[in-house]
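Student: Which chain is which? The protein sequence lines are V and Z, in order.
FYI, our numbering numbers position 131 of the first sequence as 131, with every residue one higher than the one before it.
FYI, our numbering numbers position 361 of the second sequence as 1361, with every residue one higher than the one before it.
Glycine included, C-beta positions come from ideal geometry on N, C-alpha and C.
Please find one structure pasted underneath; my questions will follow.
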Amino acid sequence: MKTIIIEDYMTKFNEIKQFFKSKNIQVEGKHSYLSGLKEIIVNKYDLIILDMSLPNYDIKISERSGKERTYGGLDILHEIKRRKIESKVIIITQFDSFGEIGEKKSLEQLRLEIKSHNFENFKGLIHYDASSNDWEKELGKLLKECF
Amino acid sequence: MAEFYINSLIDIANYIEALRFSVKLFLKNKNYLVKIPFHRLLDIIDSNVFEKSLIEIPIIQFIHFELINIDIRRVSYAFEDFLLAQNISLPSELENEMFINKYEKSMLVFFLENICIQSVLEDYVEIQSYEENRNERKRICEFLIRLNPENSKCYINEIFTLTQEQLINDGMKRIDESRINVDVESIKLSLNKKLLPLFERYTSLSYSNIVDNEYFTLYIDEEGIPFQITENSKKNIFHSMVTQVVTMFGFDSRYGLDVSLSTKIRHGFLVGNIREIFVKKNLVTKKDSNDTYVDNKYWRDKYDTYLGADIVKILKLLNNFSKDIDHHLMHLKNNLLRIKTDGINKEGLFDFTFEKQELEEMESAIIDETSLSVFLDIIIEKLWEKTEHDLIIIREKITHEILLEFHELIGSLIANILKVESEFYADFHEIRNVLNETKILLQNEFLLISNWFKKPQDSIMPDYKISYVCEIALEFLKKTFARVDYIEINVDDIKLSGSTFKSIFFIVYNILHNALKYGNINEKSTLQIYIKDNELVFEVFNKSTEDISVSREKISTILNNIEKGNCEKVTKEDGTGFYKINNIIRNEIKLLPKIIISIDDEYNYNSKISFEIGAFLK
Chain V
1 MKTIIIEDYM
11 TKFNEIKQFF
21 KSKNIQVEGK
31 HSYLSGLKEI
41 IVNKYDLIIL
51 DMSLPNYDIK
61 ISERSGKERT
71 YGGLDILHEI
81 KRRKIESKVI
91 IITQFDSFGE
101 IGEKKSLEQL
111 RLEIKSHNFE
121 NFKGLIHYDA
131 SSNDWEKELG
141 KLLKECF
Chain Z
1001 MAEFYINSLI
1011 DIANYIEALR
1021 FSVKLFLKNK
1031 NYLVKIPFHR
1041 LLDIIDSNVF
1051 EKSLIEIPII
1061 QFIHFELINI
1071 DIRRVSYAFE
1081 DFLLAQNISL
1091 PSELENEMFI
1101 NKYEKSMLVF
1111 FLENICIQSV
1121 LEDYVEIQSY
1131 EENRNERKRI
1141 CEFLIRLNPE
1151 NSKCYINEIF
1161 TLTQEQLIND
1171 GMKRIDESRI
1181 NVDVESIKLS
1191 LNKKLLPLFE
1201 RYTSLSYSNI
1211 VDNEYFTLYI
1221 DEEGIPFQIT
1231 ENSKKNIFHS
1241 MVTQVVTMFG
1251 FDSRYGLDVS
1261 LSTKIRHGFL
1271 VGNIREIFVK
1281 KNLVTKKDSN
1291 DTYVDNKYWR
1301 DKYDTYLGAD
1311 IVKILKLLNN
1321 FSKDIDHHLM
1331 HLKNNLLRIK
1341 TDGINKEGLF
1351 DFTFEKQELE
1361 EMESAIIDET
1371 SLSVFLDIII
1381 EKLWEKTEHD
1391 LIIIREKITH
1401 EILLEFHELI
1411 GSLIANILKV
1421 ESEFYADFHE
1431 IRNVLNETKI
1441 LLQNEFLLIS
1451 NWFKKPQDSI
1461 MPDYKISYVC
1471 EIALEFLKKT
1481 FARVDYIEIN
1491 VDDIKLSGST
1501 FKSIFFIVYN
1511 ILHNALKYGN
1521 INEKSTLQIY
1531 IKDNELVFEV
1541 FNKSTEDISV
1551 SREKISTILN
1561 NIEKGNCEKV
1571 TKEDGTGFYK
1581 INNIIRNEIK
1591 LLPKIIISID
1601 DEYNYNSKIS
1611 FEIGAFLK
């Protein structure tokens, strides 16, 4: 199963990578919205693991990373739909609310919003908590359902 | 009438004309915006009737976005589809006779001016970095100058702004890569005199009639002076000379490594940059006069409806968190980013201790014909080798081990907040979210900080204007101080030799840092830089908040220390930056500074730093 993780927080990236490694699945990694998007346009993946909030560009020494995309994962989902990319998508986020005060969305609201867009390839939104392994159980369950 | 005409064109399925007429109408007079039946036109665009190569499509999407200001994605998509249809990957490639002849000038100009802008380019997958984005926008502006010369002033201004931004960025990069420094030439010059008698004695002795000494360690006393070696053996003389080179390379208060660590890393930058991340996220507070961390007002006010033990516990956790963060920062600054020799700075990450074998290897490289200069080169090369090795370790430690320690502090606070939530059925998820965001910000900041730990490259800096240095310094200070806007800088048009760039930067940085740290936060601080009587003058005016007699006493101490040449303060980071400025002018620029500091009875503070600049003026 060809898998890519698009995630900017390296601790979380390594933990998810380790999860796949334990299941003998090799994964690729990208760490920003645009580098991730380019990779999934150029190469075909069976599964895309997305973070929800992403920097626009890869972090470079002494250069701006551009705008912070609070809903970068959602933006990638829109691109996947528009470009008819066939990969299945799972979003794993460590936040339980998003956006600025006044426009704040809870995880549940976000789930509903994603659902409203009818993204065919979207398979689930998982809450990542470094202190618990619930996310691993949930991810394992989703993988079984998908493949 | 116009609206009726466009609708009629749509009714008879003359869609292209309807689209074209709408765009032309808008370009002719922006007030016609309200006459355009956007919904009908956008429905037609969505039904894929049109060729994607029509320039009118991204324009109409943009106009619609300007009107209703939602979903910029439609503009980005149309922009990308348009380029794809032309078989080009960048908008600047439109500078080609074929495209220039194909599209109406007004439309092409509008497209380049308004749609090919940085915020749209930020969504474009063919541009993978901010630098590429900026360069592409510059190319577009250059194209616009040729395409639409009547508006060239506007495009030139934009290019100027983008170039300035790029120059500041390059300057910041240059500064970041020059933080580690040792003035090897000055050290050699000084040691060539100092070590000559010892070196001559060393070369006059032969090993054949000397009893070998036991394992040798380098000792440096509290004042940084090496212990005297009394045994008169050749090996001991060698060790003594090595010790003196190490001491000077590491600790010399004018030229050594520790001075650059102090003035360019530990002072202001390191703690400031990291702590500010927590401050901006309202996660840490400062200590009051009783050395107790003040309650976190931001979260207390945010949860002002929580009156019970839960918020009290949260505030206590946050206070402890402030303490832990500061403790870790102080440990990093005071213990880790230090030079370790036998006897001092046991935890220092710059390890200048020598194994017996290393000393023997260095000594074996010295033959009868070796001059003192070559001897110094051998030892200094070894010290650079050690420094470079340590720099690799430090970069690795900063981005892994030390970052992890901070992440663990955050993780532990999150766990404790969860316990409070569960104990009191409360919800503090907003703090937890902010803490999770902070983890990523820290990761990125630590990556940037790790880049400071590199051996400087020999790159030639061109002559520069002093206003450029001020802009770079302000950009750096924005990371540490929220109120940089309170600084007003008036600079004369002064151009200096590139060789002074780094030194002048650190002088300006220290002056502004002082002003922001000690000035009255409600009053503007002014920095004036000018030339008078062949002297470059930096003059600061601001209001002090401190008791006048206390201020005057401090000023007197600073001026006395500087006059007496008490350089000890240079490697201490907690005080004012005047010692560092004095050190930079004396030892980097190698000129004599004049420093005048005063405060009047109205709390008006004035400092004036000047030195003769003639040789460096361009």
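At which residues does the beta strand (DSSP E) containing Thr1526(Z) begin and terminate?
Tutor: Residue mapping note: residue 1526(Z) aligns to position 526 of the second sequence, counting from 1. Counting along the chain, the beta strand (DSSP E) containing Thr1526(Z) begins and ends at 1525-1532.
Student: Please determine whether the Cβ atom of Leu1332(Z) lies at a distance below 7 Å from any heavy atom of the ligand GTP.
Tutor: The ligand GTP is not part of the structure shown, which contains no ligands of any sort.
Student: For a test of the three-state rule: what should DSSP assign to Lys1028(Z), helix, strand or coil?
Tutor: Numbered from its first residue, the second sequence carries residue 1028(Z) at position 28. Three-state DSSP puts Lys1028(Z) in a helix.
Student: In chain order, what residues of the region 1094-1109 of chain Z put their CB closer than 9 Å to some CB of chain V?
Tutor: Per Cβ criterion, the list is empty.
Student: Hey, how far is the Cα of Leu1403(Z) from the Cα of Glu1535(Z)?
Tutor: What you label residue 1403(Z) is simply residue 403 of the second sequence in a count that begins at 1. What you label residue 1535(Z) is simply residue 535 of the second sequence in a count that begins at 1. Answer to the nearest angstrom: the Cα atoms are 45 Å apart.
Student: Taking the straight line between their C-alpha atoms, what separation do you get for Pro1456(Z) and Ser1499(Z)?
Tutor: To locate residue 1456(Z), count along the second sequence from 1; it is residue 456. To locate residue 1499(Z), count along the second sequence from 1; it is residue 499. If I take the Cα positions, the gap works out to 14 Å.
Student: Could you name the residues of chain Z that Ser131(V) contacts, counting a contact when the two beta carbons are closer than 8 Å?
Tutor: Within the first sequence, the letter at position 131 stands for residue 131(V). Per Cβ cutoff of 8 Å: Gly1411, Ile1414, Ala1415, Leu1418.
Student: So, does the CB of Arg1395(Z) fall closer than 8 Å to a CB anywhere in chain V?
Tutor: For the purposes of this step, residue 1395(Z) is taken as the residue at position 395 of the second sequence. So no, Arg1395(Z) is outside the interface.
Student: Which residues in the same chain as Arg1586(Z) place their Cβ atom closer than 8 Å to its Cβ, once the five residues preceding and following it in sequence are excluded?
Tutor: What you label residue 1586(Z) is simply residue 586 of the second sequence in a count that begins at 1. Arg1254, Leu1592, Pro1593, listed in sequence order.
Student: For Ile1507(Z) and Phe1278(Z), I'd like the C-alpha separation in whole angstroms.
Tutor: As a working mapping, residue 1507(Z) is identified with position 507 in the second sequence. As a working mapping, residue 1278(Z) is identified with position 278 in the second sequence. Rounded to the nearest angstrom, the two C-alpha atoms are 27 Å apart.
Student: Quick check on the DSSP output: the beta strand (DSSP E) that includes Lys88(V) runs from which residue to which?
Tutor: Here residue 88(V) is taken as the residue at index 88 of the first sequence, counted from 1. Segment 88-93, the beta strand (DSSP E) holding Lys88(V).
Student: Could you confirm whether any beta carbon from chain V is found closer than 8 Å to the beta carbon of Arg1074(Z)?
Tutor: The residue given as residue 1074(Z) occupies position 74 in the second sequence. Arg1074(Z) does not count as touching chain V.
Student: Interface residues of chain Z around Asn56(V) at Cβ under 7 Å?
Tutor: Your numbering for residue 56(V) matches position 56 in the first sequence. Correct list: Glu1122.
Student: Please say whether Val1550(Z) and Asn1606(Z) have beta carbons closer to each other than 8 Å?
Tutor: To locate residue 1606(Z), count along the second sequence from 1; it is residue 606. To locate residue 1550(Z), count along the second sequence from 1; it is residue 550. For Asn1606(Z) and Val1550(Z), no; Cβs fall outside 8 Å.
Student: Whole angstroms are fine: how far does the CA of Leu125(V) sit from the CA of Ser1262(Z)?
Tutor: By one-based count along the second sequence, residue 1262(Z) stands at place 262. By one-based count along the first sequence, residue 125(V) stands at place 125. Distance between the alpha carbons of Ser1262(Z) and Leu125(V) is about 47 Å.
Student: Any beta carbon of chain V sitting closer than 8 Å to that of Tyr1579(Z)?
Tutor: Sequence index remark: in the second sequence, residue 1579(Z) carries index 579 (1-based). No, its Cβ sits nowhere closer than 8 Å to a Cβ of chain V.
Student: Is the region 1304-1324 of chain Z touching the region 1355-1369 of chain Z in the sense that three or more CB pairs, one from each, lie closer than 8 Å?
Tutor: Too few Cβ pairs lie closer than 8 Å, so no.
Student: Report yes or no: do the region 1233-1246 of chain Z and the region 1266-1283 of chain Z share at least 3 C-beta pairs separated by less than 8 Å?
Tutor: Segments in contact, no.
Student: Mind listing the chain Z neighbours of Arg82(V)? Cutoff is C-beta to C-beta under 8 Å, in chain order.
Tutor: As a first step, residue 82(V) is located in the first sequence; it is residue number 82 there, counting from the start. Neighbours of Arg82(V) on chain Z, chain order: Tyr1077.
Student: Where in the region 1461-1516 of chain Z do unbroken runs of the alpha helix (DSSP H), each at least 4 residues long, occur, reported from the N-terminal end onward?
Tutor: As far as the region 1461-1516 of chain Z is concerned, its whole alpha helix (DSSP H) runs of at least 4 residues are 1466-1477.
Student: Should Gln26(V) be flagged as near chain Z, meaning a C-beta pair shorter than 8 Å?
Tutor: In the first sequence, the residue the question calls residue 26(V) occupies position 26. Not an interface residue.
Student: Just the Cα atoms here: how many angstroms apart are Asp1324(Z) and Leu1409(Z)?
Tutor: As a working mapping, residue 1324(Z) is identified with position 324 in the second sequence. As a working mapping, residue 1409(Z) is identified with position 409 in the second sequence. Asp1324(Z) and Leu1409(Z): Cα-Cα distance of roughly 7 Å.
Student: Can you pull the chain V residues whose beta carbon is under 8 Å from the beta carbon of His1407(Z), in chain order?
Tutor: Reading the second sequence from its first residue, position 407 is the one you call residue 1407(Z). Residues of chain V passing the Cβ test: Thr11.
Student: Among the candidates Val1484(Z), Leu1512(Z), Ile1511(Z), Lys1465(Z), whose CA atom is the shortest distance from the CA of Asp1492(Z)?
Tutor: Sequence index remark: in the second sequence, residue 1492(Z) carries index 492 (1-based). Nearest option by C-alpha distance: Lys1465(Z).
Student: What do you get for Glu1066(Z), buried or exposed, if any count of 16 or more other CB atoms within 10 angstroms of its CB means buried?
Tutor: The sequence position of residue 1066(Z) within the second sequence is 66, counting from 1. By the neighbour-count rule (16 or more Cβ atoms within 10 Å), Glu1066(Z) is not buried but exposed.
Student: Report yes if the C-beta distance between Leu107(V) and His127(V) is below 8 Å; otherwise report no.
Tutor: Counting from one through the first sequence, the residue named residue 107(V) turns up at place 107. Counting from one through the first sequence, the residue named residue 127(V) turns up at place 127. Result yes, Cβ atoms of Leu107(V) and His127(V) sit closer than 8 Å.
Student: Going along the chain, which residues of its own chain have a beta-carbon closer than 6 Å to the beta-carbon of Asn1582(Z), five neighbours each way excluded?
Tutor: Reading the second sequence from its first residue, position 582 is the one you call residue 1582(Z). Closer than 6 Å at the Cβ level, and outside the excluded window around Asn1582(Z), lie Ile1562, Pro1593.
Student: When the cut-off is 8 Å and only beta carbons count, does Asn1181(Z) lie next to chain V?
Tutor: Position 181 of the second sequence holds residue 1181(Z). Not closer than 8 Å to any Cβ of chain V, the Cβ of Asn1181(Z) fails to qualify, so no.
Student: Please confirm whether Gln50(V) and Ile91(V) have their CB atoms less than 8 Å apart.
Tutor: As a working mapping, residue 50(V) is identified with position 50 in the first sequence. As a working mapping, residue 91(V) is identified with position 91 in the first sequence. Inspection of the sequence shows that residue 50(V) is occupied by Leu rather than by Gln. In contact: Leu50(V) and Ile91(V) (Cβ atoms closer than 8 Å).
Student: Please state if the CB of Lys1454(Z) and the CB of Leu1391(Z) are separated by a distance shorter than 8 Å.
Tutor: In the second sequence, residue 1391(Z) corresponds to position 391, counting from 1. In the second sequence, residue 1454(Z) corresponds to position 454, counting from 1. Yes, Cβ-Cβ distance for Leu1391(Z) and Lys1454(Z) is below 8 Å.
Student: Looking only at its own chain, which residues have a Cβ that is under 8 Å from the Cβ of Glu136(V), when we skip the five neighbours before and after it?
Tutor: Locating residue 136(V) in the first sequence gives position 136, where the first residue counts as 1. Once the five neighbours on either side are set aside, the close Cβ partners of Glu136(V) are Phe19.
Student: Is the separation between the beta-carbon of Ser87(V) and that of Ile25(V) shorter than 8 Å?
Tutor: Locating residue 87(V) in the first sequence gives position 87, counting from the first residue. Locating residue 25(V) in the first sequence gives position 25, counting from the first residue. No, the pair does not count as a contact, with Cβ atoms beyond the cut-off.
Student: Which whole runs of the beta strand (DSSP E) in the region 23-80 of chain V are 3 residues long or more, in chain order?
Tutor: Listed in chain order, the complete beta strand (DSSP E) runs (minimum 3 residues) inside the region 23-80 of chain V are 27-30, 47-50.
Student: In the DSSP assignment, the alpha helix (DSSP H) including Gly124(V) goes from what residue to what residue?
Tutor: For the purposes of this step, residue 124(V) is taken as residue 124 along the first sequence, with counting starting at 1. That residue, Gly124(V), is in no alpha helix (DSSP H); its beta strand (DSSP E) goes 122-127.
Student: What are the residues in the region 1427-1441 of chain Z lying within 9 Å of chain V by C-beta distance?
Tutor: Listed in sequence order: His1429, Glu1430, Arg1432, Asn1433, Asn1436, Glu1437, Lys1439, Ile1440.
Student: Rounded to the nearest angstrom, what separates His1328(Z) and Val1271(Z) at their Cα positions?
Tutor: Along the second sequence, one-based indexing puts residue 1328(Z) at 328. Along the second sequence, one-based indexing puts residue 1271(Z) at 271. Going by the C-alpha atoms only, they are around 10 Å apart.
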